[in-house]
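Protein sequences appear in the order of chains A and B. Numbering follows the working numbering, with no gaps: position 125 of the first sequence is 156. Numbering follows the working numbering, with no gaps: position 236 of the second sequence is 267. Positions of the beta carbon are idealized from the N, C-alpha and C atoms, including for glycine.
There are 2 protein chains.
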Amino acid sequence: MPAVPNARLVFNEVPQGYPEPGKTTVYDASPTIDPENVPLNGGYLLKVLVVSVDPYLRGKMRDPKIKSYSVSSRFDFGSRGASNLISLKPAFVIGEPLYNYGVGVVLRSELDGVKTGDHIYGILPFEQYKVIPNLQGYRILKNEAKIPWSLYVGLAGMPGKTSYYGWNEYSLAKKGDTVFVSGGAGPVGSIVIQFAKAEGLKVITSAGSDQKVEFVKSLGADVAFNYKTTKTSEVLQKEGPIDVYWDNVGGETLEAALEHASDGARFIECGMISGYNGTVYPVKNLIQIVSRQIKLTGFLSFNPYLVGKYEEPFYEEIPKRLASGEIKYTEDLTHGLENAGKAILDVQTGKNVGKSVVIVSQD
Amino acid sequence: MPAVPNARLVFNEVPQGYPEPGKTTVYDASPTIDPENVPLNGGYLLKVLVVSVDPYLRGKMRDPKIKSYSVSSRFDFGSRGASNLISLKPAFVIGEPLYNYGVGVVLRSELDGVKTGDHIYGILPFEQYKVIPNLQGYRILKNEAKIPWSLYVGLAGMPGKTSYYGWNEYSLAKKGDTVFVSGGAGPVGSIVIQFAKAEGLKVITSAGSDQKVEFVKSLGADVAFNYKTTKTSEVLQKEGPIDVYWDNVGGETLEAALEHASDGARFIECGMISGYNGTVYPVKNLIQIVSRQIKLTGFLSFNPYLVGKYEEPFYEEIPKRLASGEIKYTEDLTHGLENAGKAILDVQTGKNVGKSVVIVSQD
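Below is the structure:
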């Protein structure tokens, strides 16, 4: 079999503000691969089916000399591709493909326990094919629930785990609590809303467009507002105080949440997208942490303690609840790596509605 | 017996910046009391021996229409003096005495369980004599350790409890940890340093003068610096990363601590004095809470959970360790209510060295 294209999305340049398709990231269709003959060196060859687009990617699009403000993990691609035990904290490497959580299907394997046709979840490059050396950090998806592969990078993947782990470990929610979820229309926020409603709590949520507000209302949120047209502090003044704040946004929204927190409130610090692409809004009322005895917990979904406690229950429970329709979701699917740069930008500007996923190839 | 003076320190005016003696607070020696005949109405008459001066008092010197940024508790004096079950959160009342933790000796009592000569700890006015209706929120001090009464509002009182409760509950310190204590020369900081050193940890601490730096070194701090002449971030860059941060200061110091925190660091948010008397420094790197998985816990020493868990062990343990010299302390004693206004100002500007206490009367 002759070589076939192995197109990829390359990190081309550190963005100043928002990541620009064609400038920050460049689609390169010129590389080729021979799937039947590429050496596996004891590993396996994946055809990449889907890769995830998440807010935190912006943190990796930086000068590598600047310490990360984003995520750390065990895996890396790029120029040091041979090792998959390097931290995710490093910046993306200029000239190398971006990478993120994805799902691929095994075309060939020399590795015990991995066979042709298996579906593998883990960190994958924005690239059509990739030889992976082993299973460390990867998971073979059995998909007994028969949900789309794209969901395994969404509500059944990293964003879903983030919500599941963080909510179960840190919300300490009790009957009668009021919960505020910022960025409620995103994949993390949308499932947090549903967890909170399943416990019978009052849920206030913000989103960035009227369309998104309609979506979060359909998930059961009691109070939903467009933060671009309604002041967060006014809504919380009226509907609060809040006992749990799930923070995807930071900045001015966090300031409003501190101002309207109840004594002993729990703040789950999941992300601060308001500061990722420019000036960080400086929060001025941190004294409320003391006076209201607030507990803020920052966490990442690959925290080993959380993974050990929650990963298996998560895979046991969430795909089923998605398959049954008990947990609702929306996806924003982009077809083809050539369009992935725009998907990345849209997530930073908040244009996507639902979990952003790039469909790289059909199964 | 004729009436005697019952001098007091009155809250006179809301300060704009620092509280000014003679303006914010006014000494008034004109009231009188007849200790032998004042009606007790079933309560008891105290001669006030000592009252505490603490940073948080600044938060109560405000327009009562502004919600508190300071402390809440169960007791209040002032115009609603009959009730001692009102929150401490209210502002001080213009024209009424200030109040804070103090110790008094019982001159007369109509209350079962309280007898002449007993020493009582609790919220007392800045006033020479006071009739207290009951024991709710007060404690009879047995003082088996025979330490000075002033210590019962210092390291054996609220600041000591703050340190003891917060350290034991929230530090989660483990062997090899590095601890940063801001405001290390204050009563809270100075005992936290000693708790951390007793556990064999590396302690970095900041203080506001070279004299204070010498004091915190004498407590065993491994690294001590004058934050007015040395940049906190440079010290932490060299001596960190920090696993535990005990925050008495907030602002720029908190920002430096976030920048040099280890993954999973615990921040104990005890106070933010840097922002009490003017502009609040806006912290710009809160994203580190997420990326470094930091847990920040704000707390107040009268949190019922903490009181229930730690109050008795505290009184069992700390006075003894103070008496034996195992725990070191310094006090900054001010004699006479006429000088209390200056003591209050000095605590806000950081001029005091050691726990500030006003000696109102001799025992």
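Between residue i and the rest of its own chain, which residues show a CB-CB distance below 8 Å, the 5 nearest in sequence each way excluded?
| i | result |
| --- | --- |
| D11 of chain B | Any property of residue 11 of chain B remains undetermined from this structure, which presents chain B solely from 32 to 394. |
| Y312 of chain B | G281, G282, E283, E286, S305 and G306 |
| E44 of chain B | K54, T55 and I125 |
| F246 of chain B | A216, S221, A238, T361, V384 and G385 |
| Q242 of chain B | V384 |
| K315 of chain A | E286 |
| P33 of chain B | D65 |
| A229 of chain A | none |
| E141 of chain A | L71, N72, G73, G74 and Y75 |
| N431 of chain A | Residue 431 of chain A is absent from the structure shown; chain A starts at 32 and stops at 394. |
Taking the beta strand (DSSP E) that residue i belongs to, which residues open and close that run?
| i | result |
| --- | --- |
| S83 of chain B | Y75 to S83 |
| Y87 of chain B | Here Y87 of chain B belongs to no beta strand (DSSP E), and DSSP marks it neither H nor E. |
| D377 of chain B | Note, D377 of chain B: premise wrong, no beta strand (DSSP E); alpha helix (DSSP H) at A371 to T380. |
Per DSSP, which one or two residues make a beta bridge with residue i?
| i | result |
| --- | --- |
| T365 of chain A | A:V389 |
| D143 of chain A | Answer by DSSP bridge pairing: none, since D143 of chain A is not bridged. |
| K161 of chain A | A:L77 |
| R170 of chain B | B:Y152 |
| P52 of chain A | A:T56 |
| Y137 of chain B | Note on identity: in this sequence residue 137 of chain B is Val, with Tyr being the wrong assignment. According to DSSP, V137 of chain B bridges with B:L77. |
| V41 of chain B | B:V57 and B:P128 |
| V35 of chain B | B:I64 |
Got a sec? Which residues, its chain only, sit under 7 Å from residue i by beta carbon, not counting five neighbours each side?
| i | result |
| --- | --- |
| T193 of chain B | V219, C301 and S332 |
| D394 of chain B | L80, V136 and W180 |
| P52 of chain B | G372, K373 and L376 |
| Y100 of chain B | Confidence in Y100 of chain B is poor, its pLDDT being 44 and thus under 50, which makes the residue's placement too unreliable to answer from. |
| K248 of chain B | A255 |
| N199 of chain A | Y341 |
| I224 of chain A | V212, G215, V234, T236, V247, L250, G251 and A252 |
| V57 of chain B | V41 and N43 |
| T63 of chain B | A34, V35, P36 and N37 |
Specify, as a first and last residue, the run of the alpha helix (DSSP H) that residue i falls within.
| i | result |
| --- | --- |
| Y195 of chain A | M189 to Y201 |
| P66 of chain A | Element bounds for P66 of chain A: n/a, residue is neither H nor E. |
| P344 of chain B | P335 to A354 |
Can you list, in chain order, the residues of its chain with a C-beta nearer than 6 Å to that of residue i? Leave out the 5 residues immediately preceding and following it.
| i | result |
| --- | --- |
| F108 of chain A | Its pLDDT being 32, under 50, F108 of chain A is placed unreliably by the model, and nothing is read from it. |
| L203 of chain A | R297 |
| A122 of chain A | K91, R93 and P95 |
| S387 of chain A | V84, D363, A374 and V378 |
| P350 of chain A | A176, I178 and A187 |
| Y276 of chain A | F211, A288 and F298 |
| A113 of chain B | With a pLDDT of 25 at A113 of chain B, under the threshold of 50, the predicted position of this residue should be treated as unreliable, though the coordinate-derived value follows. Counting only Cβ-Cβ distances below 6 Å, and skipping sequence neighbours, we find nothing. |
Original post:
Given a limit of 9 Å on CB to CB distance, which residues of the region 311–330 of chain B reach chain A?
Top reply: V311, Y312, P313, V314, K315, N316, L317, I318, Q319, I320, V321, S322, R323, Q324, I325, K326, L327, T328, G329 and F330
**OP:** Note down, one range per segment and in chain order, each beta strand (DSSP E) of at least 3 residues found wholly within the region 207–261 of chain B.
**Re:** 209–212, 233–238 and 254–257
**OP:** Check each residue of the region 331–342 of chain A: if its Cβ is closer than 8 Å to any Cβ of chain B, include it; give the result in chain order.
**Re:** L331 and N334
Subject >> Those runs of the alpha helix (DSSP H) which lie wholly inside the region 252–328 of chain A and span at least 4 residues >> reply: Within the region 252–328 of chain A, complete alpha helix (DSSP H) segments of at least 4 residues are found at 263–270, 282–290 and 318–322, given in chain order.
Original post:
For the region 292–312 of chain A, which residues have a beta carbon sitting closer than 7 Å to at least one beta carbon of chain B?
Top reply: From the region 292–312 of chain A, only E300, C301, G302, M303, G306 and V311 have a Cβ closer than 7 Å to chain B.
Original post:
What residues from the region 266–289 of chain B come within 9 Å of chain A, judged by C-beta to C-beta, listed N to C?
Top reply: Of all residues in the region 266–289 of chain B, only D278, G281, G282 and L285 place a beta-carbon less than 9 Å from a beta-carbon of chain A.
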